[in-house]
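Heads up: the structure comes next, in structure tokens.
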Amino acid sequence: MTDTEARKSYEDPYVPPSPRQPSGWVGMVVFAGVMLLMLGSFQAVEGVIALFRDEFYLTTKSGLVVPVDFDTYGWTHLTIGLIAIATGLGILAGQMWARVVGIIVAVFSALVNLAFLPAYPIWSVIVIAMDVLIIYALTAHGREVKA
Numbered sequence: 001m002t003d004t005e006a007r008k009s010y011e012d013p014y015v016p017p018s019p020r021q022p023s024g025w026v027g028m029v030v031f032a033g034v035m036l037l038m039l040g041s042f043q044a045v046e047g048v049i050a051l052f053r054d055e056f057y058l059t060t061k062s063g064l065v066v067p068v069d070f071d072t073y074g075w076t077h078l079t080i081g082l083i084a085i086a087t088g089l090g091i092l093a094g095q096m097w098a099r100v101v102g103i104i105v106a107v108f109s110a111l112v113n114l115a116f117l118p119a120y121p122i123w124s125v126i127v128i129a130m131d132v133l134i135i136y137a138l139t140a141h142g143r144e145v146k147a
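Under the numbering used here, the residues of the sequence shown are numbered 1 to 147, in order.
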């Protein structure tokens, strides 16, 4: 080290290390929030259809995994949808409670759609895939949106 380099290092003002900067994975959490908003909308539409048009689905209630009336599935999907929309907004606002609730909602949504698979197979598989992406984004990268 030369004399000039040594003098320069003493003359530079001290800059404290910056707090942890958000990484590029913050986009995944925003993605999860937006996906929860979409999932909530899809679930709500699916719930309204199940409430008002039973004949829309491919099977009767006896062909379902859990043989209950379509009204029960309708209210379940509608409830999950409304909770998912509120949770998606919370995630976009960086709330910790929303991350936890988002994971719970996505797991519950996947289970309900697994039970609803015989009635609407392709759509249920798409929603389950969305749930898996949401769970991954919130568990692996959820804390990075707080910053």
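Even glycine gets a Cβ: it sits at the ideal position worked out from N, Cα and C.
- Taking a cut-off of 8 Å for Cβ pairs, the stretch 96-107 and the stretch 60-69 do not touch, as fewer than three such pairs fall below it.
- Less than 8 Å separates the beta-carbon of Leu36 from that of Ile91.
- Within the same chain, and ignoring the five residues on either side of Phe31 in sequence, the residues whose Cβ sits closer than 7 Å to its Cβ are Ala137.
- For Pro118 against Gly63, the beta-carbon gap comes to about 5 Å, under 8 Å, which counts as contact.
- Between the alpha carbons of Phe116 and Trp123 lies a distance of about 10 Å.
- Beta-carbon to beta-carbon, Val112 and Thr76 are separated by about 6 Å, close enough to satisfy the 8 Å threshold.
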